[in-house]
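See structure below.
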Amino acid sequence: MPSTDSTSKGSFLTKLVLFNEIILVAVLVVISAAISVGTSQFYSTTNILNILRDSSMAIIAGIGMTMLLITGEVDLSIGSLVAFVGVVTMDIINKTNSVFLGVLAGLSLGALTGLINGLVRTKLKVSSLIGTIAMMMILRGSVYLYKLEAAQNYHQLPALYSIGNGYLGFMPIPVIIMVILYIIFLIILYRTVLGRRLYATGGNDIAAKISGIKVDNLKIITFVANSVFAAISGIILVSRMNSGQPNAGVGFELMVISGVILGGTSLGGGEVTLIGTLFGLLILRVINNGIIILRWNQDLQIVISGLIIILAVFIDNKRKVARSKIITT
Numbered sequence: 170m171p172s173t174d175s176t177s178k179g180s181f182l183t184k185l186v187l188f189n190e191i192i193l194v195a196v197l198v199v200i201s202a203a204i205s206v207g208t209s210q211f212y213s214t215t216n217i218l219n220i221l222r223d224s225s226m227a228i229i230a231g232i233g234m235t236m237l238l239i240t241g242e243v244d245l246s247i248g249s250l251v252a253f254v255g256v257v258t259m260d261i262i263n264k265t266n267s268v269f270l271g272v273l274a275g276l277s278l279g280a281l282t283g284l285i286n287g288l289v290r291t292k293l294k295v296s297s298l299i300g301t302i303a304m305m306m307i308l309r310g311s312v313y314l315y316k317l318e319a320a321q322n323y324h325q326l327p328a329l330y331s332i333g334n335g336y337l338g339f340m341p342i343p344v345i346i347m348v349i350l351y352i353i354f355l356i357i358l359y360r361t362v363l364g365r366r367l368y369a370t371g372g373n374d375i376a377a378k379i380s381g382i383k384v385d386n387l388k389i390i391t392f393v394a395n396s397v398f399a400a401i402s403g404i405i406l407v408s409r410m411n412s413g414q415p416n417a418g419v420g421f422e423l424m425v426i427s428g429v430i431l432g433g434t435s436l437g438g439g440e441v442t443l444i445g446t447l448f449g450l451l452i453l454r455v456i457n458n459g460i461i462i463l464r465w466n467q468d469l470q471i472v473i474s475g476l477i478i479i480l481a482v483f484i485d486n487k488r489k490v491a492r493s494k495i496i497t498t
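With this note's numbering as the guide, the letters of the sequence shown map in order to residues 170 to 498.
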């Protein structure tokens with residue numbers, strides 16, 4: 170007969186799994202309330218819209234990262250990709266006076282990067298951790314080789330400005346883009362054959378292969394999708410800054426990954442919650458916003474991000490223990 174302590178511990182771990190999203194919402198509410206005590210500016214319409222606009226880039230990239238982590242893979246190159254996409258997009262716009270061609274170039278660069286990452290993982294059998302670290306270095310060096318200084322917006326095209334700064338009604342356009350992509354991939358993940366195959370691949374790729382799933386092709390597709398989502402975030406960022414900065418996106422990949430894991434997606438693959446990704450990343454953005462409006466030292470954002478990565482991995486390990494207890498019960 171199990172002891173009271175072990176039973177209560179098992180009960181807590183079970184709740185951690187079953188009520189993950191509820192816990193995240195509660196944490197978000199508590200953090201928001203704490204910040205609002207320090208400044209009434211937090212609940213202003215302008216600040217809330219700024220939080221949503223800032224969060225949209227991380228959440229868009231988080232959707233792709235969530236899909237990738239389901240399969241048991243990871244991508245540490247998206248921060249450098251954001252910078253490269255921004256510089257290339259702005260440079261093409263300057264040379265062609267066409268926002269469409271600039272955006273197309275940025276998305277194409279993202280797709281190509283994802284394809285290379287996928288091929289390195291599936292054909293060369295290099296782990297995604299090592300392969301994407303190498304890609305991170307390649308992209309960061311390449312963006313400086315491509316253009317040392319910022320790629321400034323010479324044409325002041327309204328269409329470019331609107332991508333990151335415009336509104337549709339009262340809602341910022343980046344938030345609308347994020348909501349559309351989020352709903353589409355929420356349906357794909359939970360209501361389609363592709364979603365079930367992603368789960369199967371992350372749960373046990375050998376069993377998935379035996380059942381007829383083309384695991385390598387599926388992983389390549391998720392790498393491409395992940396990089397395209399990062400490219401979309403890069404295009405929104407270049408629109409917001411009105412220039413392509415070679416040093417942009419530093420630490421972006423770690424923030425996205427920590428938010429996704431904090432939200433409930435497992436590093437080991439096979440376990441995912443896209444709803445948790447939304448709230449996990451919102452928590453991180455709200456904390457960063459609070460540091461800014463409270464006028465604290467902004468270097469705290471880096472410190473807190475590091476602490477949250479440790480916390481996210483710790484919680485992920487606890488979830489794995491809880492899931493094993495649920496399965497064996």
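Don't be surprised by glycine CBs; every beta carbon is placed ideally from N, CA and C.
Identify the continuous alpha helix (DSSP H) that holds residue i and give its terminal residues.
i: Phe269; result: 268 to 291
i: Tyr323; result: Looking at the DSSP string, Tyr323 is not in any alpha helix (DSSP H), and its letter there is neither H nor E.
i: Glu422; result: 421 to 431
i: Leu363; result: 362 to 372
i: Arg454; result: 443 to 462
i: Leu314; result: 297 to 315
From the DSSP secondary-structure annotation, give me the bridge partner or partners of residue i.
i: Met259; result: According to DSSP, Met259 bridges with nothing at all.
i: Tyr336; result: Pro341
i: Ser412; result: Gln321
Can you tell me the Cβ-Cβ gap for residue i and residue j, rounded? I've got them flagged as a contact below 8 Å.
i: Ile477; j: Leu451; result: Not confirmed; about 13 Å, so no contact.
i: Ser225; j: Ile405; result: 7 Å
i: Ile116; j: Leu284; result: Any property of residue 116 remains undetermined from this structure, which presents the chain solely from 170 to 498.
i: Phe398; j: Ala230; result: 5 Å
i: Arg366; j: Ile382; result: 5 Å
i: Asn501; j: Ser246; result: With the chain covering 170 to 498 only, the question about residue 501 has no answer from this structure.
i: Val326; j: Ile262; result: Here residue 326 is Leu; the residue named in the question, Val, does not match the sequence. Contact holds; Cβ gap of about 7 Å.
i: Thr446; j: Gly432; result: 4 Å
i: Arg409; j: Asn457; result: Not really, about 15 Å apart at Cβ, beyond 8 Å.
i: Gly255; j: Ala481; result: 27 Å between Cβ atoms; not a contact.
i: Asp485; j: Ser435; result: 6 Å
i: Ile204; j: Leu463; result: 7 Å
i: Leu308; j: Ser249; result: 4 Å
i: Asp260; j: Gly403; result: Wrong, their Cβ atoms sit about 13 Å apart, outside the cutoff.
Please name the residue, chosen from the options, that lies closest to residue i on a Cα-to-Cα basis.
i: Asn395; options: Asp244, Gly437, Gly433; result: Asp244
i: Val429; options: Ala280, Ile228, Gln325; result: Ile228
i: Val499; options: Ile349, Ile217, Ser311; result: Examination of residue 499 is not possible in this model, given that the chain is present from 170 through 498 alone.
i: Val251; options: Met304, Phe269, Leu293, Ile239; result: Met304
i: Ala328; options: Glu440, Ile342, Gly418, Glu318; result: Ile342
i: Asn322; options: Lys487, Asn266, Ile232; result: Asn266
i: Ser297; options: Leu308, Gly241, Leu273; result: Gly241
i: Val472; options: Val490, Leu436, Leu423, Glu440; result: Leu423
i: Leu237; options: Phe392, Ile307, Ser209; result: Phe392
i: Val425; options: Val206, Ile484, Met234, Leu276; result: Met234
i: Leu314; options: Pro415, Thr282, Thr442; result: Pro415
i: Thr215; options: Phe339, Ile346, Ile307; result: Phe339
i: Asp468; options: Val441, Thr434, Gly420; result: Gly420
i: Ile461; options: Leu270, Ala377, Phe211, Arg309; result: Phe211
i: Glu440; options: Ile401, Ser402, Ile479, Gly372; result: Gly372
i: Asn411; options: Ile332, Thr291, Trp465, Ile353; result: Ile332
i: Gly364; options: Thr442, Ile302, Lys294, Glu318; result: Thr442
i: Ala274; options: Val289, Lys292, Phe253; result: Phe253
Of all the alpha helix (DSSP H) runs that stay within the bounds of the region 182 to 250, which reach a length of 4 or more residues?
Counting only runs of 4 or more, we get 189 to 207, 214 to 239.
Quick check for students: name the residue ranges of the alpha helix (DSSP H) that lie wholly in the region 372 to 398, counting only runs of 4 or more.
Within the region 372 to 398, the complete alpha helix (DSSP H) runs of at least 4 residues are 374 to 379.
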